[in-house]
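The structure appears right after this line, and notes come after that.
Residue numbers (the numbering used here): -4 to 95.
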């Protein structure tokens, strides 16, 4: 099922905590205005625009995600992508070009 969730007047504590964890990890992001399309059932109540996966991997252009998805992507990049890039190419990944 697609999400039809709408944001509450006050951001929930788990969303605030997620953003604090991202800041601690050195992630660059911006809060983004919630958008919703009830006709297709698509909604991100508390979106962020993710601009980096930690201190060393830029995302160009930034991508809109919910905070838990962004946090999972940051950990995946640190735990899987960065070690694989180092092993395969002998260098750290510097950026990801995306088109979403």
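We treat Cβ as the ideally placed atom computed from N, Cα and C, and that holds for glycine.
Bear in mind the structure is a predicted one, so any value in this text is a computation, not a measurement.
Self-check item: Residue interval of the alpha helix (DSSP H) (run including residue 69)
Solution: Looking at the DSSP string, the run of the alpha helix (DSSP H) that includes residue 69 is 62 to 71.
Quiz item: Does the ligand MG have even one heavy atom less than 7 Å from the beta-carbon of residue 4?
Solution: Annotation note on the ligand MG: not contained in the displayed structure, which lists no ligands.
Self-check item: Same chain, Cβ closer than 7 Å to residue 16, neighbours up to 5 away in sequence not counted
Solution: Excluding five sequence positions before and after residue 16, the CB atoms of its chain that fall closer than 7 Å to its own CB belong to 66, given in chain order.
Quiz item: For residue 29, which three-state DSSP category applies?
Solution: Three-state result, residue 29: coil.
Practice problem: Just grab the DSSP bridge partners of residue 44 for me. | Solution: DSSP lists 25, 59 as partners of residue 44.
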